[in-house]
Amino acid sequence: MEKMKIATFNVNSLKARLPIVERFLSGEDSPDILCLQETKCRDEEFPVSFFSDLGYSCAFRGMKSYNGVAVVSRTKPDEAVSGFGDGEDSEQDRARLIRARFGDLNVVCAYVPQGKEVSSADFQYKKRFLSRSRALFDRDYSQSGKLLWTGDINVAMLDIDVTHPENKRDHVCVCEEVREALAGVLSWGFVDVFRKHLPQPGEFTFWDYRVKGALERNIGWRIDHMFASPPLAERSESVRVARGLRAMDRPSDHTAVTGVFEV
DNA sequence: ATGGTCGACTCTCGA
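The working numbering puts the first residue of the first sequence at 2, with every later residue one more than the last.
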């Protein structure tokens, strides 16, 4: 048995967040595996040596300006692949989904589309991204294996996952339609390990830049998630939200979430 | 409490 810390962090530009990422990697939550979203970084510009200097290997796929995901890890994954691999992957799909295998542990790092407005084509893309995720789990993974689906999922699944949900019934991250779409993926057999360890209201991972004093007033959202297969969820020991990263200079609007697993 | 900021990149888009 080995204790593994696995973290997720939507950095909202990796280059702008390098000091915060460095602090996080060398701090008290120092993860074995870190899933990043919104790196906004082309592959040829990815800061590989920044991570190798800190003792981390990285698998990544990005685009100019938008999207971009990476799995950073102390040990090199046995396999890493971007996209769904369903024959329909666009450049954007591949910059939103990357999966890595470490022995019998599978980590799927996702940046689910935000969706803009319920009436938009972006929202259709979001729902399709979620249904393709379910198909991926059905096709490539087993409920009896160790799987973690983590990242910026862009859905506040429960009313306690957002401040004032009653004002957000039409929001692309809150509406019934998107919750049903996420439920359709979770019914694969996932356990919400964040809520297993932090069941109380007021636990958020994102505080909007545009809301004045959002962090201090704790007006936020829980949209970054850690969903685990039952065997992995049973081996989860704790989950922590790194609120301190929001107190640093030039913070992301999201913060990091770390899960500790005995695998 | 998504009008209100921030980041990337041309000034407007995406979140």
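Ideal Cβ placement from N, Cα and C applies to all residues, glycine included.
DSSP places Gly260 inside the beta strand (DSSP E), whose first and last residues are Val258 to Glu263. Counting C-beta pairs with one atom in each stretch, the stretch 134–152 and the stretch 188–195 have three or more that are closer than 8 Å, which means they touch. For Glu178, the enclosing alpha helix (DSSP H) begins and ends at Glu177 to Leu187. For Val72, the pairing in a beta bridge is given by DSSP as Cys36 and Ala60. Selection Cys42, Phe51 and Glu46 evaluated against Ser27 yields Phe51 as nearest (Cα-Cα).
Boundaries of the beta strand (DSSP E) harbouring Asp225: Asp225 to Ala229, taken from the DSSP string. Along the length of the stretch 103–181, whole beta strand (DSSP E) runs at least 3 residues long occupy 106–112 and 147–153, reported in chain order. Counting along the chain, Phe10 sits inside the beta strand (DSSP E) bounded by residues Lys4 to Asn11. Across the set Cys42, Pro200, Arg247 and Asp33, the C-alpha of Cys42 shows the shortest separation from the C-alpha of Gln93.
Counting along the chain, Glu92 sits inside the alpha helix (DSSP H) bounded by residues Glu92 to Arg95. Gly116 is a Cβ neighbour of Val173, given a cutoff of 8 Å.
When the five nearest sequence neighbours on each side are left out, the beta carbons in the same chain lying within less than 7 Å of the beta carbon of Lys4 are those of Val261 and Glu263, in order along the chain.
Residue pairing by DSSP places His255 opposite Phe207 in a beta bridge. Apart from the 5 residues on each side of it in sequence, Ala215 sits with its Cβ closer than 8 Å to the Cβ of Trp208, Asp209 and Gly221 in its chain, given in chain order. For Asp254, the closest alpha carbon among the candidates Ile161, Phe205, Lys127 and Val179 is that of Phe205. Asp193 sits in a strand when the DSSP states are folded into three classes. Beta bridge pairing from DSSP links Arg241 with Thr259. If you compare the alpha carbons of Leu98, Val73 and Lys6 with that of Gly84, the shortest gap goes to Leu98. Under a 10 Å Cβ-count criterion, Leu159 is classified as exposed, with fewer than 16 other Cβ atoms of the shown protein chains found around its own Cβ. In the structure shown, the three-state DSSP call for Glu29 is coil.
When DSSP states are grouped into helix, strand and coil, Val212 belongs to the coil group. The residue among Ala111, Asn168 and Ala229 with its C-alpha nearest the C-alpha of Thr40 is Ala111. Secondary structure of Arg218 (DSSP, three-state): helix. Between Asp225 and Gly152, the gap from beta carbon to beta carbon is short of 8 Å. Annotation: Thr256 to Val240 spans about 13 Å, alpha carbon to alpha carbon. For Ile99, the beta-bridge partners assigned by DSSP are Ser83 and Cys110. For the pair Thr76 and Phe47, the CB atoms are not nearer than the 8 Å cut-off.
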